[in-house]
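*Asks:* Here it is, the structure, as structure tokens.
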Amino acid sequence: MALGVAFGITLGCYRIVEGDPIHYYIIVGYLVVIIQTYFSPPMIVPLAYDSGGVTTSTVTVPLVTALGLGLASTVPGRSL
658 MALGVAFGIT LGCYRIVEGD PIHYYIIVGY LVVIIQTYFS PPMIVPLAYD
708 SGGVTTSTVT VPLVTALGLG LASTVPGRSL
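Take the sequence shown: its position 27, counting from 1, is numbered 684 in the numbering used here, and each next residue is one higher.
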């Protein structure tokens with residue numbers, strides 16, 4: 658979980674700095690999830706989908722939001 662959150666934050670920061678459209682990342686993310694679901698054992702799929710909500714807690718969301726807003730406000734040409 659921690660590696661997934663770290664990868665997501667890193668990818669989000671990269672997106673803010675580069676200014677890429679967000680829909681590219683969403684489409685690729687969904688494709689990766691669908692492919693992994695197809696190759697995963699059927700018993701683990703519901704657990705994997707349910708554990709995605711664990712990362713959005715009352716501590717994580719404000720910290721990640723503050724990081725994104727701070728980064729977007731310091732990079733020239735990026736909107737909040």
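Here a beta-carbon is modelled for each residue, glycine too, at the ideal position from N, C-alpha and C.
Note that the structure is a prediction, hence the values are computed from the model and not measured.
(1) Confirm, please, whether the CB-CB distance from residue 683 to residue 724 is below 8 Å.
(2) Alpha carbon to alpha carbon, how far is residue 731 from residue 691?
(3) Helix or strand or just coil, what does DSSP make of residue 735?
*Replies:* Reading off the structure:
(1) Translated into the one-based positions of the sequence shown, residue 724 becomes position 67. Translated into the one-based positions of the sequence shown, residue 683 becomes position 26. Going by C-beta atoms, residue 724 is not nearer than 8 Å to residue 683.
(2) On the sequence shown, residue 731 is found 74 positions in, with the first residue counted as 1. On the sequence shown, residue 691 is found 34 positions in, with the first residue counted as 1. Computed Cα separation, rounded: 35 Å.
(3) Translated into positions along the sequence shown, residue 735 becomes position 78. Here residue 735 sits in coil by DSSP.
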